[in-house]
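Enquirer: Starting off with a structure, shown below.
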Amino acid sequence: MAFPHLQQPSFLLASLKADSINKPFAQQCQDLVKVIEDFPAKELHTIFPWLVESIFGSLDGVLIGWNLRCLQGRVNPVEYSIVMEFLDPGGPMMKLVYKLQAEDYKFDFPVSYLPPLPVSLHVRTSDCAYFILVDRYLSWFLPTEGSVPPPLSSSPGGTSPSPPPRTPAMPFASYGLHHTSLLKRHISHQTSVNADPASHEIWRSETLLQVFVEMWLHHYSLEMYQKMQSPHAKLEVLHYRLSVSSALYSPAQPSLQALHAYQESFTPTEEHVLVVRLLLKHLHAFANSLKPEQASPSAHSHATSPLEEFKRAAVPRFVQQKLYLFLQHCFGHWPLDASFRAVLEMWLSYLQPWRYAPDKQAPGSDSQPRCVSEKWAPFVQENLLMYTKLFVGFLNRALRTDLVSPKHALMVFRVAKVFAQPNLAEMIQKGEQLFLEPELVISHRQHRLFTAPTFTGSFLSPWPPAVTDASFKVKNHVYSLEGQDCKYTPMFGPEARTLVLRLAQLITQAKHTAKSISDQCAESPAGHSFLSWLGFSSMDTNGSYPANDLDEMGQDSVRKTDEYLEKALEYLRQIFRIINGLRRFEIEYQGDPELQPIRSYEIASLVRTLFRLSSAINRRFAGQMAALCSRDDFLGSFCRYHLTEPGLASRHLLSPVVRRQVAGYTRGPRLSLRFLGSYRTLVSLLLAFLVASLFCVGPLPCTLLLTLGYVLYASAMTLLTERGKLHQP
């Protein structure tokens, strides 16, 4: 690329902007590489903001960027290769960053402008440039083997000079900070002459991690979250939701309404959650790459390198608090559908750092899962809320989902399987015991740790005093996240145990329902196919009657559901030691029979139509039906038998009877036509007409004969029922 003699840096920027319009993409990147190589930082610093917007898009939406989220090598290999080479951790873009940093150029950028990942366009994330670049940067700056690479050479044979010492600056990621430089080196990173040559560059790794955390996890501050937990704040939020004026309440926290509105509007996508999970998995591997002698408490000395200290601090100091708030938000606001699986797997990945340890054992089988080593007890205790409070939150979600759905059953199975790993429940319970121990004398220094969380800022900034008491560590963790006056619900306490028992009963009921569906599918495949051929479909997305996704999934999905639920129930029994006989409870649907989920042996559209028809009849003739059922003669008995009393419906498929008591009281007389929506009923009627036609009996006479036969049978059953009542004590 040939440039005229440039006296003003603005000419360089104008030329590059013009080239971005007129030249092909490959030529643009070649020109950028040459500019970065040939021009000094004094001129390059003017193009840096424009280049960032050109790659990642501008805040005003004018520049859409290089679309890294959708760029895939198998779709556009040439452009993909160029982009990956340019943005590689060892590529031209980072060389430009190092050039500017070495000359002490800085670019202030409001943290609030750092965007979360935008909405997904249904592409495989593992193939996209965005995710692959994230993985490369994590592997480069947070290596699990070796040390952090030195900065790139700014000229052949040389390296970028280190910046001179600066005055102390604010920590990068302190809560409430709105402006900070992503390139400014912190004063605390100055190291001694005798230190590891690469150790003075560890701040680059710290900066990368903080940038990722700010983009993906920092959406509202810990202080504001704690304020939201106060009774006054919750009352104010309630009135805000109801659009009630808050003039009668204290204006001491005027920002709560704006915060809540922002919190409600923030809805992370599945793609966003997947990239957070990628970060967490790598951080676990990074932290676990410490050698045993380095990870032991005795290794904490002045001889340890900054990289080793960073490995110990990466998860608790940079990620824990913000991830907890992020998960709390997702658990409380994510839709009750199968897409929650992404959040679930991210959470479970964080809870299992042993899966990413270099000395991990072979995965256990379903019958004999591997035991969680006692060496992970400190992690469990210092992340207690991640296990306990979020588990209770998951229980509340699971109780509101349809566990007959294989996708929902799978989620319950996954959580139960993780928490049932041998020794994990005992470690969690030990952590709860440590937290619930009565507090003895707490010094002023320790009390300040409870009320002022310190896990922010640079990892080399002053650490809190060393704490050796396990109970105090757990209390500090809980109080720093939930506040000093938090109400803690133990995972192994009576409230959570009640939820677990409710979930176990729901699982048992779902297993019973799934088995019934499976049996009915096996019994009437011919009727299903025949009526489908006639045009009756089990799909009716416009109807008002609730359908179950098993209507379309078939027996394989039913078997999967039963398997997931069976194993989940067994895991819950192991974790909470619930009674073995729970699975043998007699489970029966206790709600309104008319509102049961549509079964696979029923025609969904027909059931919904019959429900609307019978509801209209019941509303129109409710008074007349009640009057008929109140008569003392045979007609009254006959009507009560069909409209209110248990009887033929429990023994004969063709009876239009609503017979059971629901929720502890007897419903008024009403007609149910749902039996006509069954494949079995319709196939039986069809066979009756076919048999009658063989004897030269037409449809109308056949209908009259069937009706007469049913009336005679129902009359006899009515007399027998009334006689049985007379002999009851």
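Residue numbers (my numbering): 1402 to 2130. Glycine included, every Cβ here is placed at the ideal spot set by N, Cα and C. As the structure is a prediction and not an experimental result, all values here were calculated from the model.
Answer with buried or exposed for residue 2045, where buried requires no fewer than 16 other C-beta atoms within 10 angstroms of its C-beta.
Expert: The residue in question, residue 2045, is buried, as its Cβ has 16 or more Cβ neighbours within 10 Å.
Enquirer: Could you tell me whether the stretch 1804 to 1822 touches the stretch 1768 to 1780, using the rule of 3 or more Cβ pairs below 8 Å?
Expert: Enough Cβ pairs lie closer than 8 Å, so yes.
Enquirer: So residue 2030 is in the alpha helix (DSSP H); what residue range does that whole segment cover?
Expert: Counting along the chain, the alpha helix (DSSP H) containing residue 2030 begins and ends at 2023 to 2030.
Enquirer: Within 10 angstroms of the Cβ of residue 2112, are there 16 or more other Cβ atoms? Answer buried if so, exposed if not.
Expert: When all chains shown are included, residue 2112 counts as exposed.
Enquirer: Measure how close the beta-carbons of residue 1747 and residue 1805 come, nearest whole angstrom, since I'm counting them as under 8 Å.
Expert: That pair is no contact at about 26 Å.
Enquirer: Expressed to the nearest angstrom, what Euclidean distance is found between the alpha-carbon atoms of residue 1881 and residue 1973?
Expert: Each residue's Cα considered, the two are about 30 Å apart.
Enquirer: For residue 1997, which of helix, strand or coil comes out of DSSP?
Expert: Residue 1997 falls in the coil class under three-state DSSP.
Enquirer: Do residue 1893 and residue 1833 have their beta-carbon atoms positioned less than 8 Å apart in this structure?
Expert: Cβ distance < 8 Å, so residue 1833 and residue 1893 count as in contact.
Enquirer: Which stretch, first to last residue, makes up the alpha helix (DSSP H) that contains residue 1520?
Expert: Run containing residue 1520: none; DSSP gives neither H nor E here.
Enquirer: Determine, using beta-carbon pairs with one atom in the stretch 1414 to 1434 and one in the stretch 1485 to 1505, whether at least three such pairs fall under 8 Å.
Expert: Segments in contact, yes.
Enquirer: Measuring CB to CB, does residue 1908 end up less than 8 Å from residue 2000?
Expert: Their beta carbons are not under 8 Å apart, which means residue 1908 does not touch residue 2000 by this criterion.
Enquirer: Mind checking who residue 2003 pairs with in its DSSP beta bridge?
Expert: 2079.
Enquirer: Hey, out of 1527, 1813 and 1669, whose CA is closest to residue 1971's CA?
Expert: Ranking 1527, 1813 and 1669 by Cα distance to residue 1971 puts 1813 first.
Enquirer: For the ligand MN, is there a heavy atom less than 7 Å away from the beta-carbon of residue 1713?
Expert: Looking at this structure, you won't find the ligand MN or any other ligand, since it has none at all.
Enquirer: How should residue 1948 be labelled, buried or exposed, when 16 other C-beta atoms within 10 angstroms of its C-beta is the threshold for buried?
Expert: Reliability fails at residue 1948, whose pLDDT of 40 lies under 50, so the model's placement of it is uncertain and no value is given.
Enquirer: If you drop the 5 nearest sequence neighbours on each side, which residues of the same chain put their C-beta closer than 6 Å to that of residue 1751?
Expert: Cβ within range, chain order: 1681.
Enquirer: At the level of alpha carbons, what is the spacing between residue 2120 and residue 1998?
Expert: Computed Cα separation, rounded: 34 Å.
Enquirer: Who are the near neighbours of residue 1668 in its chain, counting only those whose CB is closer than 6 Å to its CB and skipping five residues on each side?
Expert: So the list is empty, once near-sequence residues are dropped.
Enquirer: With respect to the alpha helix (DSSP H) encompassing residue 1707, which residues constitute its N-terminal and C-terminal limits?
Expert: First-last of the alpha helix (DSSP H) with residue 1707: 1707 to 1714.
Enquirer: Could you tell me how far apart the beta carbons of residue 2011 and residue 2091 are, in whole angstroms, since I believe they sit closer than 8 Å?
Expert: About 24 Å separates the two Cβ atoms, so there is no contact after all.
Enquirer: Use the C-beta contact count for residue 1607: other C-beta atoms within 10 angstroms, 16 or more gives buried, fewer gives exposed.
Expert: By the 10 Å Cβ count, residue 1607 comes out buried.
Enquirer: Would you say residue 1497 and residue 1683 are within 8 Å of each other, going by their C-beta atoms?
Expert: Their beta carbons are not under 8 Å apart, which means residue 1497 does not touch residue 1683 by this criterion.
Enquirer: Can you tell me which of 1484, 1679 and 2023 puts its alpha carbon nearest to the alpha carbon of residue 1614?
Expert: With distances taken between Cα atoms, residue 1614 lies closest to 1679.
Enquirer: What would DSSP say about residue 1803, mapped onto helix, strand or coil?
Expert: The answer is coil: DSSP assigns residue 1803 none of H, G, I, E or B.
Enquirer: Which residue's Cα is closest to the Cα of residue 1416: 1468, 2015, 1447 and 1479?
Expert: It is 1447.
Enquirer: Would you be able to state if there are at least three C-beta pairs under 8 Å between the stretch 1789 to 1797 and the stretch 1712 to 1719?
Expert: Cβ pair count under 8 Å is below three, so no.
Enquirer: Whose CA, out of 1719, 1686, 1546 and 1541, lies closest to the CA of residue 1612?
Expert: Checking every option, the nearest Cα to that of residue 1612 belongs to 1719.
Enquirer: Roughly how many whole angstroms lie between the Cα atoms of residue 1677 and residue 1466?
Expert: Their backbone Cα atoms lie some 22 Å apart in a straight line.
Enquirer: Got a sec? Which residues, its chain only, sit under 8 Å from residue 1536 by beta carbon, not counting five neighbours each side?
Expert: Result list for residue 1536: 1679 and 1683, in chain order.
Enquirer: When you compare only the Cα positions, how much space is there between residue 1609 and residue 1810?
Expert: Roughly 38 Å separates the two Cα atoms.
Enquirer: What are the residues that DSSP puts in a beta bridge with residue 2097?
Expert: Note: residue 2097 sits in no beta bridge, so no partner.
Enquirer: Whole-angstrom Cβ separation of residue 1875 and residue 1835, contact assumed at under 8 Å?
Expert: Going by Cβ atoms, the distance from residue 1875 to residue 1835 rounds to 4 Å, so yes, they are a contact pair.
Enquirer: Please look up how many angstroms separate the CB atoms of residue 1969 and residue 1817, rounded, as I've assumed it's under 8 Å.
Expert: Correct: roughly 4 Å between the Cβ atoms.
Enquirer: How about residue 1442 and residue 1504: do their beta carbons lie closer than 8 Å?
Expert: Yes, Cβ-Cβ distance for residue 1442 and residue 1504 is below 8 Å.
Enquirer: Please name the residue in 1551, 2007, 1755 and 1507 whose C-alpha comes closest to that of residue 1687.
Expert: Of 1551, 2007, 1755 and 1507, the residue nearest in Cα terms is 1755.
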